[in-house]
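Q: Mind having a look at this structure? Questions to follow.
There are 2 protein chains.
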Amino acid sequence: MAETMRVHTLMGEDLLFLTDDKLRRGIEAMFFAYRAFTADPDLILAGLDYGRAHHRALHFIHRDPGLTVTALLDVLGVTKQSLNRVLRTLIEDGLVESRVGRRDRRERHLHLTEKGAALERRLSEAQRARMRQAYRAAGPQAVAGFRQVLEAMMDPETRAQYQSMKDLPE
Amino acid sequence: MAETMRVHTLMGEDLLFLTDDKLRRGIEAMFFAYRAFTADPDLILAGLDYGRAHHRALHFIHRDPGLTVTALLDVLGVTKQSLNRVLRTLIEDGLVESRVGRRDRRERHLHLTEKGAALERRLSEAQRARMRQAYRAAGPQAVAGFRQVLEAMMDPETRAQYQSMKDLPE
DNA sequence: TTGGAAAGTCAACAACACTGCCCTATCAAG
DNA sequence: CTTGATAGGGCAGTGTTGTTGACTTTCCAA
Numbered sequence: 005m006a007e008t009m010r011v012h013t014l015m016g017e018d019l020l021f022l023t024d025d026k027l028r029r030g031i032e033a034m035f036f037a038y039r040a041f042t043a044d045p046d047l048i049l050a051g052l053d054y055g056r057a058h059h060r061a062l063h064f065i066h067r068d069p070g071l072t073v074t075a076l077l078d079v080l081g082v083t084k085q086s087l088n089r090v091l092r093t094l095i096e097d098g099l100v101e102s103r104v105g106r107r108d109r110r111e112r113h114l115h116l117t118e119k120g121a122a123l124e125r126r127l128s129e130a131q132r133a134r135m136r137q138a139y140r141a142a143g144p145q146a147v148a149g150f151r152q153v154l155e156a157m158m159d160p161e162t163r164a165q166y167q168s169m170k171d172l173p174e
Numbered sequence: 005m006a007e008t009m010r011v012h013t014l015m016g017e018d019l020l021f022l023t024d025d026k027l028r029r030g031i032e033a034m035f036f037a038y039r040a041f042t043a044d045p046d047l048i049l050a051g052l053d054y055g056r057a058h059h060r061a062l063h064f065i066h067r068d069p070g071l072t073v074t075a076l077l078d079v080l081g082v083t084k085q086s087l088n089r090v091l092r093t094l095i096e097d098g099l100v101e102s103r104v105g106r107r108d109r110r111e112r113h114l115h116l117t118e119k120g121a122a123l124e125r126r127l128s129e130a131q132r133a134r135m136r137q138a139y140r141a142a143g144p145q146a147v148a149g150f151r152q153v154l155e156a157m158m159d160p161e162t163r164a165q166y167q168s169m170k171d172l173p174e
């Protein structure tokens, strides 16, 4: 509230983008866009007895093959029990392989099987298609801004984690 | 896949932002940012026996006082039953008032009570604080791009709905 | 007067998150 | 070699949010 007031009294031409109304519009845009963002994979998953959690697990195992359960837990930000349920079904169904660590035999290193990789491709291509269309419609400069705002929105630890993620060789 | 190939062969300097890797980074940014985006209100709601659905209902009733249940249903994109459970608790707890329509007495027009408005303010101020900080950090040009990409990502009907929403008089 | 739209209710179910507690296997340090 | 910490897995119970499907009540409008 005090924040808002300061903005309104300064009103340094450029600060209009910090108006409560502008912020509210941004919040609503996030809500609607995220709903669309998840809609395409959700549709595919619905027919397979899987959910969003399975998609996320497949995604991060794909991006970093051999990562440990703890590492995945850390990225996803959920509890062990929550992930375990998802992981168990993926392993049972032969989409994910869990290999005992060679240096440290307590660790389980996660890999996608061919079947798992196929589903991951199908899901992420659906999601990328929407993202690609949005990026193309908005243009490179808008995309840069999009990424900047999203990164600024993350918790600092998450942002550090995100920024340190290696690029995938295509 | 054909899509990707075309990008790589054209490679018109500016089209690098449509690389599969760039798209994947955007997807991950959405995931992490949305998690942060909902974290602050979630924390407040946790102590009150409410959830995200309650927040969303309060938000849209606040933004458009007197809207009907069907209109709210349409904005939220959930089933009547799902909304009804949420709405019932909000009405029972005295946060939302349901008034019988005067023109059409089948309709229920939804309004926030003083108590409901107070919670809505508390929730949305928490969410705005994060958005404000992100906007400030990224700057006006980035914010414009952010909004453009989010809008382009929405389903066309949702986008039309979003764009036709009236601005709230502050 | 009758059909249909709007609103609401009930039951059943599933996904996904949580907490709390218990267990094994393994590693590392005293 | 014992002991404590770490990695992983499992079970039971709970809560929110979403879904279908079937049903009723209310009430406007042709």
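If you're matching them up, the sequences are chains A and B in order. Adding 4 to a residue's 1-based position in the first sequence gives its number in the working numbering. Adding 4 to a residue's 1-based position in the second sequence gives its number in the working numbering. Every residue, glycine too, gets a C-beta built ideally from N, C-alpha and C.
In terms of residue numbering, what span does the beta strand (DSSP E) encompassing V79(B) cover?
A: From DSSP, V79(B) is part of no beta strand (DSSP E) but of the alpha helix (DSSP H) over 73-80.
Q: If you measure from the beta carbon of Y54(A) to each beta carbon in chain B, is any gap under 9 Å?
A: For Y54(A), the answer is no, since every Cβ of chain B falls outside 9 Å of its Cβ.
Q: Consult DSSP for L123(B) and reduce its assignment to one of helix, strand or coil.
A: The answer is helix: DSSP assigns L123(B) an H, G or I state.
Q: Kindly list, in the order they appear in chain A, the residues whose Cβ is closer than 8 Å to that of G120(B).
A: Here the premise fails: no neighbours, minimum Cβ distance about 17 Å.
Q: Which runs of the alpha helix (DSSP H), 4 residues or longer, sit entirely within the segment 78-161 of chain A?
A: Whole alpha helix (DSSP H) segments, 4+ residues: 84-96, 118-142, 144-157.
Q: Does the distance from the C-beta atom of G120(A) to that of V90(A) stay below 9 Å?
A: Against a cut-off of 9 Å, the Cβ pair of V90(A) and G120(A) comes out as no contact.
Q: Is R163(A) close to chain B, meaning its C-beta is less than 9 Å from at least one C-beta of that chain?
A: So, interface residue.
Q: In chain B, what lies closer than 8 Å to G98(A) by C-beta?
A: Under the 8 Å cutoff, chain B gives no residues; its nearest Cβ is about 24 Å from G98(A).
Q: Looking at the structure shown, is D46(B) part of a helix, part of a strand, or coil, going by DSSP?
A: Of the three classes helix, strand and coil, the one that applies to D46(B) here is helix, per DSSP.
Q: Got a sec, what are the start and stop residues for the alpha helix (DSSP H) L52(B) sits in?
A: Element bounds for L52(B): n/a, residue is neither H nor E.
Q: Is there a C-beta anywhere in chain B that falls below 9 Å from the one on V153(A)?
A: Interface residue, yes.
Q: Sort L71(B), G70(B), A61(B) by Cα distance to L94(B) and report the nearest one.
A: When each option's Cα is compared against that of L94(B), the closest is A61(B).
Q: Looking at the structure shown, is G70(A) part of a helix, part of a strand, or coil, going by DSSP?
A: Coil.
Q: Indicate whether F41(A) and M34(B) have their beta-carbon atoms separated by less than 9 Å.
A: Cβ distance < 9 Å, so F41(A) and M34(B) count as in contact.
Q: Answer with buried or exposed for T83(A), where buried requires no fewer than 16 other C-beta atoms within 10 angstroms of its C-beta.
A: By the neighbour-count rule (16 or more Cβ atoms within 10 Å), T83(A) is not buried but exposed.
Q: Rounded to whole angstroms, what is the Cα-Cα separation between L127(B) and R28(A)?
A: Approximately 12 Å, taken between the alpha carbons.
Q: Compare the C-alpha of R67(A) against each of I31(B), E101(B), F64(B) and name the closest.
A: Of the candidates I31(B), E101(B), F64(B), the one whose C-alpha sits nearest the C-alpha of R67(A) is I31(B).
Q: Just verifying my parser: in three-state terms, what is the DSSP assignment at K170(A)?
A: DSSP places K170(A) in coil when its eight states are reduced to three.
Q: Please name the residues in the segment 26-41 of chain B whose beta-carbon is closer than 9 Å to at least one beta-carbon of chain A, in chain order.
A: Listed in sequence order: K26, L27, R28, R29, G30, I31, E32, A33, M34, F35, F36, A37, Y38, R39, A40, F41.
Q: Determine, using beta carbons only, whether P69(B) comes closer than 9 Å to chain A.
A: For P69(B), the answer is no, since every Cβ of chain A falls outside 9 Å of its Cβ.
Q: Going by beta carbon distance, what residues of the same chain come within less than 6 Å of S111(B), once the five residues before and after it are set aside?
A: Ser is not the amino acid found at residue 111(B); the sequence shown has Glu there. Closer than 6 Å at Cβ, skipping near neighbours: T72, G105.
Q: Could you give the C-beta distance for A130(B) and I48(B), rounded to a whole number, given that I count them as a contact under 8 Å?
A: That pair is a contact at about 6 Å.
Q: Confirm, please, whether the CB-CB distance from F21(B) to P144(A) is below 9 Å.
A: Taking 9 Å as the Cβ cut-off, P144(A) and F21(B) qualify as a contacting pair.
Q: Straight-line CA distance for E155(A) to R163(A)?
A: Going by the C-alpha atoms only, they are around 6 Å apart.
Q: Whole angstroms are fine: how far does the CA of G70(A) sit from the CA of R107(A)?
A: Approximately 13 Å, taken between the alpha carbons.
Q: Can you name the residues of chain B whose CB is closer than 7 Å to the CB of R134(A)?
A: Neighbours of R134(A) on chain B, chain order: M157.
Q: Kindly indicate if chain B contains any beta-carbon less than 9 Å away from that of S86(A).
A: It does not: the Cβ of S86(A) has no partner Cβ on chain B nearer than 9 Å.
Q: Within 10 angstroms of the Cβ of Q167(A), are there 16 or more other Cβ atoms? Answer buried if so, exposed if not.
A: Exposed: under 16 other Cβ atoms inside 10 Å.
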